[in-house]
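Taken in order, the sequence shown gives residues 14 to 425; the numbers are from our numbering.
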Amino acid sequence: MQNNLSYQAPSADELLIQFHSSRKYSVDLIANLSAEDCQAQSMEDASPAKWHLAHVTWFYEVMVLRAFEKNFSYWNPEFAVLFNSYYNGVGDKHPRSKRGLLTRPSLQQVLEWRKNIEDRLQSLLKENSSKELLWLIQLGINHEQQHQELLLTDIQHLFSNNSLWPIYNPQNIDTPSVEQPFKWIEGISGLVQTGHSGNGFHFDNEGPQHSALNQTHSIGNRLVSNSEWLQFIEDGGYDNFQWWLDAGWAWLKSEKISAPLYWNKDGHGQLLRFSLNGNTPLDLQAPVSNISYFEADAFARWSSQNFASFAGARLPTENEWESFAQSHFETSNDLFGKVWQWTSSNYAPYPGYKPWGGIAGEYNGKFMVNQMVLKGSSAYTPKSHSRITYRNFFPTHARWQMTGLRLAKDGI
Ligand SMILES: [Fe+2]
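This is the structure:
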């Protein structure tokens with residue numbers, strides 16, 4: 014598989030440490046969950062925690078061991094169907110909407126399967142340290158990290174449907190505040206280099222690096238806060254079609270949307286927000302989170318005309334965001350680790366884009382339509398899984414991820 018000729022692999026020893034660390038972290042994430050918690054599926058977009066633990070294991074078995082292990086045989090060939098997500102090249106799939114019905118295998122059996130695959134991966138790495146194998150294992154680690162974030166967002170969504178308001182994590186892993194005063198920063202305009210150019214691991218959709226043209230623009234020094242979002246709501250932002258894209262207005266009406274996901278009120282009318290820390294008073298200084306692209310876009314249009322310091326606001330393009338991140342990586346403290354930031358850019362291939370070869374070719378490229386790019390990372394993203402060139406993507410109505418926004422405007 015000639016996937017990335019310039020790829021610089023870590024040593025087999027280093028990779029093994031990363032592998033074990035990522036495998037352990039997945040199991041750590043369910044330490045405070047019951048087998049019942051790990052079983053349920055709250056909606057089609059979300060998957061049970063047990064399914065996530067199994068699917069990332071399936072990935073190693075099908076993508077790595079099947080190709081490289083001598084005398085390979087499946088732990089259980091039926092799992093190849095049950096835990097396939099979207100790889101048509103692998104074969105049949107269990108329906109996505111019915112993942113919560115998989116009461117078998119049990120959580121315990123999935124954990125045993127995980128251990129078996131880990132032992133076999135470790136043995137394989139001891140006898141084979143080819144670049145191709147190292148790359149696939151690094152892909153497996155990065156893939157598992159993506160599912161670690163999904164496991165958290167999916168548990169949050171599941172628990173939000175329970176009026177007991179379960180507390181997942183008594184240690185606060187939710188978002189910190191954004192307290193600095195807002196100001197516009199002059200963006201990098203003209204021809205800029207964007208996309209990944211190094212020889213470290215990156216997803217195929219981040220490259221190749223290429224020239225892009227940024228118009229003269231400014232970009233917000235920080236994320237939009239809950240307090241600013243509350244003003245949008247109090248000014249009737251969700252009741253006035255003029256701020257909304259037509260598809261967004263139709264979505265808002267059919268889904269009866271009137272606030273970010275997870276906002277609710279107690280019996281005294283106090284605003285609360287449900288998070289992995291339970292249902293607690295809304296932190297007005299925190300960045301707004303769990304909004305759809307439609308909402309981010311409507312807020313920008315409203316604030317452009319109704320919020321003095323945001324006059325002229327719109328969403329940034331992904332290239333504007335990336336240029337800002339390159340130039341302010343050292344000085345800006347909310348590029349990463351708080352909320353994913355919607356951009357106005359369609360998720361489309363970069364000029365010269367080539368999907369990876371082999372089965373991994375289905376990883377990113379086939380989703381390049383009807384989705385928008387998000388930049389940065391969230392509080393749920395594993396720490397070593399952030400890059401300036403990272404391109405996350407979701408459809409315009411999705412909002413169960415930790416998604417917020419940073420504003421931009423034309424001119425300076
Ligand atoms: Fe996956």
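By construction, the Cβ of each residue, glycine as well, lies at the ideal position given by its N, Cα and C atoms.
On a predicted model such as this, the values are computed, not experimentally measured, just so you know.
Alpha carbon of residue i to alpha carbon of residue j, nearest angstrom
i    : j    : result
E27  : G280 : 53 Å
V352 : G389 : 7 Å
Y87  : D423 : 56 Å
Q283 : F214 : 46 Å
I246 : P273 : 10 Å
S55  : L204 : 45 Å
W242 : V301 : 7 Å
L348 : E91  : 42 Å
N227 : Q318 : 24 Å
E308 : L120 : 37 Å
A67  : E219 : 27 Å
T409 : M385 : 7 Å
A326 : L418 : 12 Å
H209 : L236 : 24 Å
G102 : G378 : 14 Å
K278 : P368 : 46 Å
M14  : G291 : Interpretation of M14 is limited by its pLDDT of 44, a score under 50 that renders its predicted location unreliable; no figure is taken from the coordinates.
A260 : K106 : 31 Å
A338 : C51  : 37 Å
L420 : S397 : 26 Å
D310 : V382 : 19 Å
E49  : L171 : 11 Å
L114 : L328 : 40 Å
S190 : R36  : 31 Å
G117 : L134 : The amino acid at residue 117 is misidentified as Gly; the sequence shows Arg. Computed Cα separation, rounded: 25 Å.
S391 : L164 : 13 Å
F195 : N234 : 6 Å
T344 : W64  : 39 Å
T330 : Q206 : 14 Å
Best match in the options for proximity to residue i [C-alpha to C-alpha]
i    : options                   : result
Y181 : G261, I270, L95 and S288  : S288
Q169 : A421, R419, G417 and R412 : R412
G426 : L420, Y20, I425 and P408  : Not covered by the structure: residue 426. The range shown for the chain is 14 to 425.
P61  : G104, D167, N97 and L149  : D167
E199 : T229, W262 and L149       : T229
P221 : K63, I201 and Y363        : Y363
F81  : P108, V69, L137 and Y38   : L137
I232 : S110, I425 and E162       : I425
Y360 : F342, Q158, E375 and F380 : F380
W262 : W276, Y306, A225 and S224 : Y306
F216 : Q193, S345 and Q159       : Q159
E145 : Q414, K396 and A373       : A373
Q244 : E375, S271 and H33        : S271
Y275 : P23, T207 and Q414        : Q414
A395 : R112, S24, E162 and T70   : Note that residue 395 is Pro in the sequence shown here, rather than Ala. When each option's Cα is compared against that of P395, the closest is E162.
S39  : E131, A299 and R286       : E131
L95  : W148, R112 and Y366       : R112
W148 : K128, W257, S24 and W264  : S24
S34  : A93, E157 and S336        : E157
S336 : N239, W257, E268 and S224 : S224
heavy atom of ligand 2 below 7 Å from residue i C-beta
i    : result
H160 : The model depicted lacks ligand 2 and carries ligand 1 instead.
Endpoints, the beta strand (DSSP E) within which residue i is located
i    : result
D423 : A421 to D423
L387 : M385 to K388
T394 : It is not in any beta strand (DSSP E) - T394 carries neither H nor E in the DSSP assignment.
F254 : Where F254 is concerned, there is no enclosing beta strand (DSSP E), given that its DSSP letter is neither H nor E.
F406 : N405 to F407
Span of the alpha helix (DSSP H), counted from its first residue to its last, around residue i
i    : result
T293 : Looking at the DSSP string, T293 is not in any alpha helix (DSSP H); the run it does join, the beta strand (DSSP E), is G291 to P294.
F312 : Y306 to N319
P72  : Going by the sequence as given, residue 72 is Phe instead of Pro. Looking at the DSSP string, the run of the alpha helix (DSSP H) that includes F72 is A62 to F72.
F32  : A25 to L42
D50  : A48 to Q52
*Entirely within the segment 150 to 238 and at least 3 residues each: give me those beta strand (DSSP E) ranges in chain order.*
197 to 199, 203 to 207, 223 to 227 and 230 to 233
*Ignoring anything shorter than 4 residues or poking outside the segment 79 to 146, list the alpha helix (DSSP H) runs there in chain order.*
92 to 95 and 120 to 140
*Using 8 Å as the threshold, is the segment 288 to 301 in touch with the segment 313 to 325, meaning 3 or more CB pairs across them?*
No, the segment 288 to 301 does not touch the segment 313 to 325.
*Length-filtered (3 minimum) beta strand (DSSP E) runs lying within the segment 263 to 287*: Fully enclosed beta strand (DSSP E) runs of 3 or longer: 276 to 278.
_Quick check: the segment 322 to 337 against the segment 243 to 256, are at least 3 beta-carbon pairs closer than 8 Å?_
no
*asked:* Runs of 3 residues minimum, wholly inside the segment 339 to 380: which ones carry the beta strand (DSSP E) assignment?
replied: Counting only unbroken stretches of 3 or more residues, the beta strand (DSSP E) elements lying wholly within the segment 339 to 380 are 353 to 359, in sequence order.
*Contact between the segment 69 to 79 and the segment 149 to 158 (3+ Cβ pairs under 8 Å)*: Under the three-pair Cβ rule at 8 Å, the segment 69 to 79 counts as touching the segment 149 to 158.
*Is there contact between the segment 353 to 361 and the segment 56 to 69, where contact requires at least three CB pairs shorter than 8 Å?*
no
*Is the segment 161 to 177 touching the segment 402 to 411 in the sense that three or more CB pairs, one from each, lie closer than 8 Å?*
No: fewer than three Cβ pairs fall under 8 Å.
_Cβ contact check for the segment 40 to 49 and the segment 132 to 141: 3 or more pairs under 8 Å_ = no
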